[in-house]
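Residue numbers (the UniProt record's numbering): 1 to 345. We treat Cβ as the ideally placed atom computed from N, Cα and C, and that holds for glycine.
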């Protein structure tokens with residue numbers, strides 16, 4: 001962050017910051033904005049907070065950040081008191097509030113309007129305007145900065161590990177661990193609250209406990225708890241906008257994703273039941289399928305002879321009693337090669 005601020009200060013030309021509609025200039029973003037010569041904000045956007053607690057800092061770092069913010073506000077003619085409140089009180093200002101407090105320089109409905117207002121748009125007088133979009137890494141960090149995405153990554157990652165326990169392939173476990181890791185990195189970036197992480201941990205434990213119970217209920221409950229944790233993972237300083245691109249975790253797309261994930265949980269539960277039944281089912285072909293079955297004596301067992309099972313004749317040896325007569329029912333207990341070991345009922 002300090003590097004970006006130094007680069008901004010060293011440009012030697014006017015530097016502008018525009019906060020997109022429904023966007024949030026918080027944490028390091030608020031300092032970089034304050035280092036700009038001009039700040040404009042879109043509808044529904046906010047600036048702040050700037051507390052080092054969000055950044056993972058200590059009390060000594062808080063003093064350093066206060067000193068830095070004071071210097072930036074004074075250098076660019078901004079409201080020092082309002083700027084420091086973003087650190088000391090975790091204050092967050094909407095675009096009208098920030099403009100009224102002289103924390104920003106103006107408002108614009110979109111980026112194009114902002115460029116027109118400031119005379120930065122491409123024209124005959126300025127034909128060489130170049131727009132640089134965020135690189136892949138920046139977009140990746142933006143993706144991980146979505147609290148709901150972080151929660152879903154962690155929950156689905158644990159579910160993948162559960163499936164791998166039944167399948168026995170390493171791939172799903174590796175994918176699951178990567179997803180959990182990415183979710184935790186994102187949670188660290190946004191400074192996720194403890195309550196959201198606690199719900200995710202409980203959800204993960206319930207999902208993995210499904211391996212012990214095997215009836216699907218624990219896994220479905222764990223998914224539901226994990227989804228709740230994903231919603232609760234949003235930091236308290238995030239403000240919500242009713243616009244379509246709102247940063248609220250309760251957006252229409254997130255609610256749809258949550259519902260879809262719960263439906264998938266029921267499907268996975270059914271699939272696991274199928275796997276469990278397949279693993280527990282006895283083999284009904286060959287000699288193993290005959291263990292415990294009744295067979296009919298076709299040739300007297302004294303102690304060896306022949307028996308019939310489902311129309312097939314098998315050599316058998318009586319292991320208890322002296323003999324078994326033709327027509328009697330005996331029980332298959334085991335086998336020696338192709339010879340059945342039987343007992344009288």
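- Item | Contiguous beta strand (DSSP E) assignments of at least 3 residues, all confined to the stretch 2-46 | 16-19, 38-41
- Do you know how far the Cα of residue 4 is from the Cα of residue 194? Position 194 of the chain shown, counted from the start, is the residue given in the question as residue 194. Position 4 of the chain shown, counted from the start, is the residue given in the question as residue 4. For residue 194 and residue 4, the distance between alpha carbons rounds to 30 Å.
- Bridge partners of residue 226, per DSSP? Your numbering for residue 226 matches position 226 in the chain shown. According to DSSP, residue 226 shares a beta bridge with no other residue.
- Message: Could you compute how far the alpha carbon of residue 172 sits from the alpha carbon of residue 166?
- Response: Taking the chain shown and counting its residues from 1, the one referred to as residue 172 is at position 172. Taking the chain shown and counting its residues from 1, the one referred to as residue 166 is at position 166. Answer to the nearest angstrom: the Cα atoms are 11 Å apart.
- Pick out whichever of 139, 189, 153 has its Cα sitting closest to the Cα of residue 261. Here residue 261 refers to the residue found at position 261 when the chain shown is read from its first residue. Measuring from the Cα of residue 261, the nearest candidate turns out to be 153.
- Query: Just the Cα atoms here: how many angstroms apart are residue 131 and residue 100?
  - Reply: Counting from 1 along the chain shown, the entry for residue 131 is found at position 131. Counting from 1 along the chain shown, the entry for residue 100 is found at position 100. For residue 131 and residue 100, the gap between their C-alpha atoms comes out near 30 Å.
- Can you tell which of 311, 73, 290 has the C-alpha that lies nearest to the C-alpha of residue 333? Start at 1 with the first residue of the chain shown, and residue 333 comes out as number 333. Closest option to residue 333, Cα to Cα, is 290.
- Message: Our contact map puts residue 34 next to residue 107 with C-beta atoms below 8 Å; I'd like the distance itself, whole angstroms only.
- Response: The count along the chain shown starts at 1 and reaches residue 34 at position 34. The count along the chain shown starts at 1 and reaches residue 107 at position 107. Actually they do not touch by this definition, with Cβ atoms about 17 Å apart.
- Taking one C-beta from the stretch 67-78 and one from the stretch 111-118 each time, how about it: are there three or more such pairs within less than 8 Å? no
- Reference residue 10; option with closest CA among 27, 23, 36: Here residue 10 is taken as the residue at index 10 of the chain shown, counted from 1. The residue with the shortest Cα to Cα distance from residue 10 is 36.
- Item | Closest by C-alpha distance to residue 330, when choosing among 297, 322, 304, 142 | Working through the chain shown from its first residue, we reach residue 330 at position 330. Among 297, 322, 304, 142, the Cα nearest to that of residue 330 is on 297.
- Task: Using only the heavy atoms of the ligand PLP, determine whether one of them is closer than 8 Å to the beta carbon of residue 228.
- Result: The ligand PLP is not among the ligands present in this structure, which contains no ligands whatsoever.
- Task: Could you spell out the range, first to last residue, of the beta strand (DSSP E) harbouring residue 305?
- Result: By 1-based counting over the chain shown, the position of residue 305 is 305. Per DSSP, residue 305 belongs to the beta strand (DSSP E) from 304-309.
- Taking the continuous alpha helix (DSSP H) assigned at residue 204, which residues delimit it? Locating residue 204 in the chain shown gives position 204, where the first residue counts as 1. It spans 194-213 - the alpha helix (DSSP H) in which residue 204 sits, taken as one unbroken run.
- Query: Among 267, 337, 343, 273, which has the Cα closest to the Cα of residue 302?
  - Reply: Mapped onto the chain shown, residue 302 falls at position 302. Nearest of 267, 337, 343, 273 to residue 302, Cα basis: 343.
- Message: Under 8 Å, with one C-beta from each stretch per pair, do the stretch 177-192 and the stretch 142-158 reach the 3-pair mark?
- Response: yes
- Query: To the nearest angstrom, how far is it from the Cα of residue 181 to the Cα of residue 207?
  - Reply: The residue labelled residue 181 in the question sits at position 181 within the chain shown. The residue labelled residue 207 in the question sits at position 207 within the chain shown. Roughly 17 Å between the two C-alpha positions.
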